[in-house]
Ligand SMILES: [Zn+2]
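In full-length UniProt numbering, the protein residues as written are 1 to 205.
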């Protein structure tokens with residue numbers, strides 16, 4: 001692509017780093033921004049800068065938060081003895097949308113995937129095990145997507161918890177294998193949490 005302006009080229013280059021955005025789309029977006037009032041682009045830029053510099057991970061559950069403790073962990077009405085283990089914040093949002101879950105979460109930040117070079121130490125697994133060993137948790141609900149990586153991660157955590165008295169369960173699947181949680185409809189997802197099954201029984205299938 002030949003650009004008449006270095007500034008334009010640089011903006012397009014940066015924009016095209018985003019997932020799913022090729023150079024052509026990047027150019028279209030940048031030209032769109034140029035047509036908007038200047039304040040609008042400044043608002044976008046400052047929202048992104050603020051997001052990057054001020055956002056925190058909840059120190060209890062690793063959910064993305066504006067404060068040290070996220071709204072869910074800080075809410076005394078939520079049951080902290082029930083912890084739903086999820087991959088990322090999109091899963092938290094999907095489950096919250098069901099309006100049927102009143103426990104806490106633990107956000108792993110990914111799944112174990114040797115193919116992608118992601119091992120247990122790169123995920124927030126250790127703090128989860130510590131939380132359980134500190135006796136603060138009664139039940140863990142595994143809610144990772146039922147892919148090979150999700151199953152591997154569940155099983156790894158399950159093994160780490162051997163010898164503790166914790167109850168482990170997995171969300172019942174009205175959701176077919178390989179479906180990501182965020183795409184499951186709210187009714188199905190809500191039901192699958194309510195009808196969760198003991199984790200051991202999911203291993204026998
Ligand atoms: Zn939290």
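Backbone N, C-alpha and C fix where the C-beta goes; we use that ideal spot for every residue, glycine too.
In this text, all values refer to a predicted model and were calculated from it rather than measured experimentally.
Check	Outcome
Extent of the continuous beta strand (DSSP E) to which residue 169 belongs	167-170
Through-space distance from residue 151 to residue 177, alpha-carbon basis	Note that residue 177 scores a pLDDT of 46, beneath 50, so its modelled location is shaky and nothing firm can be said.
Any non-hydrogen atom of ligand 1 closer than 7 angstroms to residue 72 Cβ	yes
Whole beta strand (DSSP E) elements within the UniProt domain "Toprim" (81-176), 3-residue minimum	103-107, 139-142, 167-170
First and last residue of the uninterrupted alpha helix (DSSP H) at residue 52	38-54
Neighbourhood of residue 30 by C-beta, 7 angstroms cutoff - its chain only, sequence neighbours within 5 removed	8, 11, 12, 15
Own chain residues within Cβ distance below 7 angstroms of residue 131, not counting five before or after	137
beta-carbon residue 79 near ligand 1 non-hydrogen atom, thresh 7 angstroms	no
Pairwise C-alpha distance: residue 198 and residue 149	20 angstroms
For residue 197: DSSP bridge partner residues	170
Contact under 8 angstroms by Cβ, residue 63 with residue 118	no
Outcome for residue 72 when other beta-carbon atoms lying within 10 angstroms are tallied against a minimum of 16	buried
Cβ-heavy atom distance, residue 69 to ligand 1, below 7 angstroms	yes
Unbroken alpha helix (DSSP H) run spanning residue 72, endpoints	71-74
Residue 18 (DSSP reduced to helix, strand or coil)	coil
Status (buried if at least 16 other CB within 10 Å, exposed otherwise) for residue 154	buried
For residue 192, three-class secondary structure by DSSP	helix
Secondary structure of residue 65, DSSP reduced to three states	strand
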